[in-house]
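Only one structure is covered here, and it is reproduced in the block below.
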C-alpha cells in the first residue's frame, strides 16, 4: 500500500493483558491493509495490569513469530501518548478492532482526538464474529475462577495468565516484588535518635 507515495505504517495499540486470538485476528487484517504494522503495547498507568509491559511484549513477539504472515509485525511499548508513538514510528493510521457497537462508541472519541492532535486516522476493522466474545478482561475473569481459556489465547498464554493470577493472589507479582525490594533498600532511622 502507498500513501502519498510512501510506505504505509499502522499501529495496532492495546494493553494486550493478555493478548488474545481476537487481537491476532485484527493484526492479521491490519497486515493485509498496510505495508508495515506495529503492535503497540500500552504502558497504561490507569489500569492495573496483570502482566508487566515487558511480559506482554514477549508474549506478543512469540505469538506473532508463530503466526504465518505476521512474523514481520514489530512489537514495541507505547510509553505515553499514542499520537506521540505514532509520530515516532511514522504511522499514518491506528487500527482498532470492533466487536460491536459498544466498542465503536468507546473508540470514536479517541479516534477523533488522534486526528485532531496529529492527523493520524483511525481505521476500524470488524473482528471475526467467531471471536466477538473474546476480551482480555473476560479471559482473566474466566481464568481467575478456574475456567478454560486456552482456546481464547495463543499457545502457552493461558498458563502464563493462570500463574500471574496465582502470583497476584499470593502477593508475589513483579510490581509487588519491586515495592518490597524498594522498601528493603530504604534505610530506616529507627533507633538512631533522628
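Residue numbers (UniProt numbering): 1 to 194.
No residue lacks a Cβ here, since even glycine has one placed at the ideal position from N, Cα and C.
Predicted model only: the values in this text are computed from it and were never measured.
query, result
"Cβ pair count under 8 Å reaching 3, the stretch 91-100 against the stretch 55-66", "no"
"Pick from 70, 110, 155 and 64 that is closest to residue 120, judged by C-alpha positions", "110"
"C-alpha distance - residue 114 paired with residue 12, whole-angstrom precision", "14 Å"
"Start and end residues, alpha helix (DSSP H) containing residue 75", "Looking at the DSSP string, residue 75 is not in any alpha helix (DSSP H); the run it does join, the beta strand (DSSP E), is 74-78."
"Outcome for residue 23 when other beta-carbon atoms lying within 10 angstroms are tallied against a minimum of 16", "buried"
"Inter-residue CB distance, residue 64 and residue 71 (contact presumed, cutoff 8 Å)", "6 Å"
"Span of the beta strand (DSSP E), counted from its first residue to its last, around residue 42", "36-42"
"Residue 53 - DSSP class collapsed to helix/strand/coil", "helix"
"Residue(s) in a DSSP beta bridge with residue 124", "96"
"Closest by C-alpha distance to residue 66, when choosing among 153, 160, 32 and 135", "153"
"Range covered by the alpha helix (DSSP H) that runs through residue 66", "Residue 66 -> no alpha helix (DSSP H), and no H or E assigned at all."
"Host beta strand (DSSP E) of residue 204 (start-end)", "The displayed coordinates of the chain run from 1 to 194. Any statement about residue 204 would go beyond what the structure contains."
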